[in-house]
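The sequence shown runs 540 to 775 under the working numbering.
Notes for the one structure printed next.
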Amino acid sequence: MNLPKVYEPNQYESDIYALWEKSEAFVPKNRGGKDNFSMVFPPPNANGNLHLGHGLTNAIYDVSIRYHRMKGDNTLFLPGADHAGFETQVVYEKKLAKEGKSRFDFSREELYSQVYDFVDQNKHNFENQLRRMGASCDWTRYVFTLDEKIITRAYATFKQLWEDGLIYRGERLVNFCTFHGTAFADIEVEYKEEDSSLWHIRYPLVDGSGEVVVATTRPETMLADTGVAVHPDDER
């Protein structure tokens, strides 16, 4: 019998995983164990393929899941996908740009439909990628952030927070992108260091007895200044 010199995972692993799923090996069952154990796989953004970080996370989580399953605990590894909102729109707009198109070429409904199809395709791709990595997830409980039950729960939670007085609308300084026409969260902003000048601005005193010099790298803010605070013990 001639055995291959090199192991070819493609010849075996997909069949093995299919057997696991068919036998419901990853579906939590009452195995008589006294403990329950569950973990949620941080849902990847459905705007591309998985990266090395997802693979590392899966390995760490899956080791814990399989350990508790071997102990006989009622174990659940819950998979899911995040539509990723605006981040996915940016990725899709880059795709349109390569095709010589823009989001302004489509109505809001058309653009939403296209982005949704794009997301749907991507999430199926990384579902298969997780399977190829051997993730012992219960795929019968797969959750997508645009599932009707998730949207309904999000609306209900927001409404409850509003009724409890924990949410309010106010005016705040935000990161705003003039190109995309939308606000960005702090975590989405990348800061770039630049060499700039340190400006010394004289603020004359009302009684004409002197002036206060303020050093700043942002001289444009002086137009909105309403006062200057000085420490009484400052020798300057």
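Just so you know, even glycine gets a beta-carbon here, dropped at the ideal spot from N, CA and C.
Output the distance between the C-alpha atoms of histidine 719 and leucine 589, rounded to the nearest integer angstrom. 26 angstroms
Tell me, please, which residues DSSP counts as bridged to phenylalanine 683. Ala620
Would lysine 662 be called buried (16 or more neighbouring beta carbons within 10 Å of its own) or exposed? buried
Answer yes or no: do histidine 739 and valine 752 have a C-beta to C-beta separation smaller than 8 angstroms? yes
Relative to the alpha-carbon of threonine 721, which residue among Gly619, Tyr606 and Glu626 has its alpha-carbon at the smallest distance? Glu626
Are tyrosine 600 and phenylalanine 580 touching if we call contact CB-CB under 8 angstroms? yes
Helix, strand or coil: which one does DSSP assign to isoleucine 604? helix
Are the region 626–645 and the region 607–618 touching by the rule of at least three beta carbon pairs closer than 8 angstroms? no
Own chain residues within Cβ distance below 8 angstroms of cysteine 716, not counting five before or after: Ala722 and Phe723
Quick check on valine 751: does DSSP put it in helix, strand or coil? strand
Taking C-alpha atoms, which residue in Asp746, Tyr742 and Ala768 lies nearest to leucine 762? Tyr742
Evaluate the contact criterion for the region 615–634 versus the region 657–671: three or more CB pairs, one atom per stretch, below 8 angstroms. yes
Give the C-beta separation of histidine 607 and phenylalanine 576 to the nearest angstrom, bearing in mind that I take them to be a contact with Cβ-Cβ under 8 angstroms. 4 angstroms
Cβ atoms of glycine 619 and tyrosine 551: under 8 angstroms apart, would you say? no
The alpha helix (DSSP H) that contains aspartate 652, what's its start and end? First, the residue type needs correcting, since residue 652 is serine and not aspartate in the sequence shown. Looking at the DSSP string, the run of the alpha helix (DSSP H) that includes serine 652 is 647–671.
So serine 675 and phenylalanine 616 are in contact, right, with Cβ under 8 angstroms, and what is the actual spacing, rounded? 6 angstroms
Contacts around valine 713, its chain only, beta-carbon distance under 7 angstroms, and the 5 residues preceding and following it disregarded: Ala722
Closest to serine 736 by CA distance: which of Glu759, Gly747 and Val745 is it? Glu759
Threonine 596 by DSSP, collapsed to three states: which one? helix
To which residues of the same chain is asparagine 597 closer than 6 angstroms at the C-beta, ignoring the five residues directly before and after it? Met672 and Ala674
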